[in-house]
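Enquirer: Chains as they are written, first to last, in our numbering: chain G, 120 to 490; chain S, -5 to 348.
Here's a structure for you.
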Amino acid sequence: MKARACYLKRVLGAGAVAVTLAACVAFAAPLGLPPVPVPASNPVTPEKVKLGDRLFHDTRFSSTGEVSCSTCHDREKGFTDNLPVSEGIKKLKGTRNAPTVINAVYLESQFWDGREPSLESQSAQPFLNPVEMGLENHEPILKVVRSDPEYQDLFQKAFGRSGDKITMVEVEQALATFERTLVAGNSAFDRYYFGGEKSAMSPAAIRGLNVFVNQGRCVSCHVIEQTQALFTDNRFHMIGVAANQMPKDLDELSAAVEDVKKRGTDVAVLSNEKTSSLGRYAVTRDLTDIGAFKTPTLRNIDLTAPYMHDGSLKTLEEVVQFYNNGGRLEETDPVPELLSGGIRPLNLTPEQEADLVEFMKALTSPEFVKK
Amino acid sequence: MHVSRRSFLKTTGAVLIAGAFPMSLVKVAFSAAQDFTFAYISDAHIQLIKGTKFVRNWDMGLIRSIREANLLTPRPDFFMFGGDLAQLGMKEELDHGLEIMSRLRGKVHYVIGEHDYYLDLGEYWQDKISPLYYSFDHKGVHFVVLNSILTYDSWTHRKWAAPMDRMLAMARLDNPDGSPFMVGEKQIEWLKKDLEKVDKGTPVVVFSHSPIQKIFKGWNFWTEDAEKVQALLKPFEKVTVIYGHVHQIQYNQIGNISFHAVMATAWPWPYPETYVQVESRLPKLTVPMNRADPFFERDATGWQFIDVRTGNVAMHYQLPDNENRTVAFDPKTGYPQDLKYQDSRNRIPPQDHY
Chain G
120 MKARACYLKR VLGAGAVAVT LAACVAFAAP LGLPPVPVPA SNPVTPEKVK LGDRLFHDTR
180 FSSTGEVSCS TCHDREKGFT DNLPVSEGIK KLKGTRNAPT VINAVYLESQ FWDGREPSLE
240 SQSAQPFLNP VEMGLENHEP ILKVVRSDPE YQDLFQKAFG RSGDKITMVE VEQALATFER
300 TLVAGNSAFD RYYFGGEKSA MSPAAIRGLN VFVNQGRCVS CHVIEQTQAL FTDNRFHMIG
360 VAANQMPKDL DELSAAVEDV KKRGTDVAVL SNEKTSSLGR YAVTRDLTDI GAFKTPTLRN
420 IDLTAPYMHD GSLKTLEEVV QFYNNGGRLE ETDPVPELLS GGIRPLNLTP EQEADLVEFM
480 KALTSPEFVK K
Chain S
-5 MHVSRRSFLK TTGAVLIAGA FPMSLVKVAF SAAQDFTFAY ISDAHIQLIK GTKFVRNWDM
55 GLIRSIREAN LLTPRPDFFM FGGDLAQLGM KEELDHGLEI MSRLRGKVHY VIGEHDYYLD
115 LGEYWQDKIS PLYYSFDHKG VHFVVLNSIL TYDSWTHRKW AAPMDRMLAM ARLDNPDGSP
175 FMVGEKQIEW LKKDLEKVDK GTPVVVFSHS PIQKIFKGWN FWTEDAEKVQ ALLKPFEKVT
235 VIYGHVHQIQ YNQIGNISFH AVMATAWPWP YPETYVQVES RLPKLTVPMN RADPFFERDA
295 TGWQFIDVRT GNVAMHYQLP DNENRTVAFD PKTGYPQDLK YQDSRNRIPP QDHY
């Protein structure tokens, strides 16, 4: 909620007057995006960004020395891995699709189930997950950053401390700061919609935008506002993905909840498909949230296939088909019992479906457009 | 008491956030040995379109509530269905509704609503589902099911061109040619006899489809002979009336009687004042729900599980895409209170322009 309050204030002040806020200092953002929220406790500096970039790509922070953050969040793949579910150490598979880091700074919570509130707190978890980077604890990371001469220098410049003075707080802050710079707007859509450049989008994409905000009902969750578009409502919805994995009865639900209690959410949900299928419920234990996952942004979506929290839909065409059938890929598939009330059959024509895909392809930022 | 309260909360962890309601509310223990809960699903309005096609939205509401209710722990002792299983009383609708209801794991007691009744005057209902009024005892509580949606015989038995015309006339809101709901003399006589056998200290819970109090006549949020029923309930120490029909949270206290409304699984009704733009006759104790988001079909619909541990009632409203609410009888004040929003400072300001 804190992040949202801060964010709203900035929107309100975004007109003529520059707004200064003690609690959150924002810096300028590309066309179509609001100023980047920065917590007062962790200001952005070039030195910190450089350090974070280095940490993000360092494979020494995994038990095998082969996996870094960038293994699953690869710049060349839109800061994802283009796999259905991520592979960590020893090719171990998790249960969830790697979300892009691009524009993650705007999200009010991190991970598909929103179990962490900030980039800082999120960044420390994959190191310790047995199917991701597999460390027992954070000590091996501290050992490297406290002794490696390059890190000595980088930490000194970024935080004015080195050696034993370095803690995980600085590691998390540096990683988060690097991620905070990964903002990308200025897509064909932004130039068309916010920049007044009428030729920026193709006629098919323009028709697709119309479907997106009207019959397709997409915009209700993938939000476009008057001066900006995050393409997310920061909420959690059960849209029908992996419905067949969900606990069938009370016994299965109780077993999954026990799993979360025993091993912690991060470990439990990434190692067991049944537990993973709880979605937001694993965090809130509210029946409304069973099978609900966070609305992801659609920016640069063309780069980040496959789709959905479990990577079960291969293409944007499949995604559109899934929504058009009301939360199922085939019309003959059963309708999930706990489906969100926002999901229903859309009766789109094949042309409308194709236009919608064209529109989503117009959401790629120029720095990521494949040459 | 505290210990058993805590363990109760822990086991219902699947649906309750521990500590969501204050311990002070359970000080007047009815009997620790007799603690039980039941779940209440109402107003499904299963509606036939044509052939085998039914309105998807209403189907989904009932299906969702049943799926959720089946995940309750500890298991409710029984389930109530609060009326309006069908939209226009057709056999197809009642059959389809019953088929969905069959997914519910446990005993169900049924209350009839006007949408189930006015096509064939309850014939199919009595044949396939349930008597129209009856009572039962469970763990020291006396439960009464009333058929409160009757009306004047002169209206019911007038010369209708077809039974469906009568059904449609009763289904219509603000119908100048409509007729108010009532329990009727015959049933009141039965109720009097039924209650004679019951000790005055026994908690009594009455289920009806319409409110046994007068709120808004134009929509039949109303029972014409409510006062007569209330008079029969007056001698009892702890009385609760739970009703459907209004598709919204309402609660009220009249003398010794606590009133609670239940949500519909189909659609929400606005509060009467938001519709007619005149002074609301809503019970003064009620804190309105926050506005429903029309995008989410389930918003402002829901179902409830009910805890009768004090002999009075605590209603736990399960509200998909909205915030769950609990309205519980508070022995200190002597009336039901919303546990979160009873203090006006905690309320979400209503939206007064669009």
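Positions of the beta carbon are idealized from the N, C-alpha and C atoms, including for glycine.
The structure displayed is predicted, hence computed values, not measured ones.
Which whole-angstrom value is the C-beta distance of G/Ser321 and G/Glu477, which I expect to be below 8 Å?
Expert: Going by Cβ atoms, the distance from G/Ser321 to G/Glu477 rounds to 6 Å, so yes, they are a contact pair.
Enquirer: Might you give, ordered along the chain, the residues of its own chain that have their beta carbon closer than 6 Å to the beta carbon of G/Lys413, omitting 5 neighbours on each side?
Expert: Within the same chain, G/Lys413 has close Cβ partners Trp231, Gly233 and Phe355.
Enquirer: Can you find the residues in the same chain that come closer than 6 Å, C-beta to C-beta, to S/Met164, ignoring five residues on each side of it along the sequence?
Expert: Cβ neighbours of S/Met164 beyond the five flanking positions: Glu108 and Tyr112.
Enquirer: From this set, S/Val49, S/Ala38, S/Arg58 and S/Pro70, which residue's C-alpha is nearest S/Asp29's C-alpha?
Expert: Selected option, being the one with the closest Cα: S/Pro70.
Enquirer: Do the segment 164 to 172 of chain G and the segment 209 to 224 of chain G touch if we need at least three Cβ pairs shorter than 8 Å?
Expert: Not touching, per the Cβ criterion.
Enquirer: Determine the direct distance from the alpha carbon of G/Glu239 to that of G/Ser160, and round the result to whole angstroms.
Expert: Each residue's alpha carbon lies about 11 Å from the other.
Enquirer: Given this structure, state the Cα-to-Cα distance separating G/Lys433 from G/Lys167, to the nearest angstrom.
Expert: Answer to the nearest angstrom: the Cα atoms are 37 Å apart.
Enquirer: Comparing alpha-carbon positions, which option in S/Asp188, S/Val135 and S/Glu183 lies nearest S/Gly195?
Expert: Closest by alpha carbon: S/Val135.
Enquirer: Are any of the Cβ atoms in chain S nearer than 8 Å to that of G/Asp405?
Expert: Chain S, which has a Cβ nearer than 8 Å to the Cβ of G/Asp405, makes this yes.
Enquirer: Is S/Ile60 buried or exposed, if buried means 16 or more other CB atoms sit within 10 Å of its CB?
Expert: S/Ile60 comes out buried.
Enquirer: Name the residues in the segment 443 to 461 of chain G whose C-beta lies less than 9 Å from a C-beta of chain S; which are they?
Expert: Cβ contacts with chain S come from Gly445, Val454, Glu456, Leu457, Leu458, Ser459, Gly460 and Gly461.
Enquirer: Across the segment 327 to 336 of chain G and the segment 453 to 465 of chain G, are there enough close Cβ pairs to call them in contact, namely three or more that are closer than 8 Å?
Expert: At 8 Å Cβ cutoff, the stretches touch.
Enquirer: Apart from the five residues on each side of it in sequence, which residues of its chain come closer than 6 Å, Cβ to Cβ, to G/Glu291?
Expert: Hits under 6 Å: Glu239, Ser242 and Ala243.
Enquirer: My understanding is that S/Val235 touches S/Val200, with C-beta atoms under 8 Å, so please give their C-beta distance in whole angstroms.
Expert: With a Cβ gap of about 5 Å, S/Val235 and S/Val200 count as contacting.
Enquirer: Consider the C-beta atom of G/Ile260 and the heavy atoms of the ligand MN; say whether any pair is separated by less than 7 Å.
Expert: As far as ligands go, the structure on display features none, and thus does not contain the ligand MN.
Enquirer: Is it the case that the Cβ atoms of G/Phe175 and G/Phe297 are separated by a distance below 8 Å?
Expert: Yes, they are a contact pair.
Enquirer: Considering S/Arg166, what are the terminal residues of the alpha helix (DSSP H) in which it resides?
Expert: No alpha helix (DSSP H) holds S/Arg166; DSSP gives it neither H nor E.
Enquirer: In three-state DSSP terms, what is S/Arg319?
Expert: Three-state result, S/Arg319: strand.
Enquirer: Please report whether the beta-carbon of G/Ser339 lies at a distance below 8 Å from any beta-carbon of chain S.
Expert: By this cut-off, G/Ser339 is an interface position.
Enquirer: Could you pull out every residue in the same chain whose Cβ sits closer than 7 Å to the Cβ of G/Thr416, ignoring the five residues on either side in sequence?
Expert: Excluding positions up to five away in sequence, the list reads Asn222, Leu349, Phe350 and Thr351.
Enquirer: Under the DSSP definition of a beta bridge, which residues are partnered with G/Val199?
Expert: Looking at the sequence provided, one finds Thr at residue 199 of chain G rather than Val. Bridge partners of G/Thr199: G/Asp193.
Enquirer: Please confirm if S/Asp337 has its CB atom under 8 Å from at least one CB of chain G.
Expert: Not one chain G Cβ lies under 8 Å of S/Asp337.
Enquirer: What residues are listed by DSSP as bridge partners for S/His310?
Expert: Its beta-bridge partners are S/Phe299 and S/Thr320.
Enquirer: Going by other Cβ atoms of all chains shown within 10 Å of its Cβ, with 16 needed for buried, is G/Thr346 buried or exposed?
Expert: The residue is exposed, with fewer than 16 neighbouring Cβ atoms inside 10 Å.
Enquirer: On the three-state DSSP scale, how would you describe G/Asn161?
Expert: Here G/Asn161 sits in coil by DSSP.
Enquirer: Does DSSP put S/Met257 in a helix, in a strand, or in coil?
Expert: Coil at S/Met257, not helix or strand.
Enquirer: What does S/Ala33 pair with, by DSSP beta-bridge criteria?
Expert: In DSSP, S/Ala33 forms a bridge with S/Phe73 and S/Phe299.
Enquirer: Tell me S/Ile251's beta-bridge partners as DSSP assigns them.
Expert: The partner list for S/Ile251 (beta bridge, DSSP) reads S/Val233 and S/Ile248.
Enquirer: Going straight from the alpha carbon of S/Phe48 to that of S/Gly91, what length do you get?
Expert: Their backbone Cα atoms lie some 10 Å apart in a straight line.
Enquirer: Taking only beta-carbon positions, decide if G/Asp368 is within less than 8 Å of chain S.
Expert: True, the Cβ-Cβ gap to chain S drops below 8 Å.
Enquirer: Taking Cβ-Cβ distances below 8 Å as the criterion, which residues of the segment 372 to 383 of chain G are in contact with chain S?
Expert: Cβ contacts with chain S: Leu372, Ser373 and Val376.
Enquirer: Would you call S/Leu167 buried or exposed, if buried means 16 or more other Cβ atoms sit within 10 Å of its Cβ?
Expert: Exposed, since its Cβ has fewer than 16 Cβ neighbours within 10 Å.
Enquirer: Within its chain, find whatever has a CB closer than 6 Å to the CB of S/Val422; leave out the 5 residues flanking it on each side and keep chain order.
Expert: The structure shown does not extend to residue 422 of chain S, since chain S is modelled only from -5 through 348, so no value can be given for it.
Enquirer: For S/Leu65 and chain G, any beta-carbon pair shorter than 8 Å?
Expert: Answer yes: the Cβ-Cβ gap between S/Leu65 and chain G drops below 8 Å somewhere.
Enquirer: Considering only the alpha carbon of each residue, which of S/Gln224, S/Leu144, S/Tyr311 and S/Gly83 lies closest to S/Leu42?
Expert: S/Leu42 has its Cα closest to that of S/Gly83, out of S/Gln224, S/Leu144, S/Tyr311 and S/Gly83.
Enquirer: Below 8 Å on the Cβ atoms is my guess for S/Trp297 versus S/Tyr34; work out the distance and round it to an integer in Å.
Expert: Right, the Cβ-Cβ distance comes to about 6 Å (below 8 Å), so this counts as a contact.
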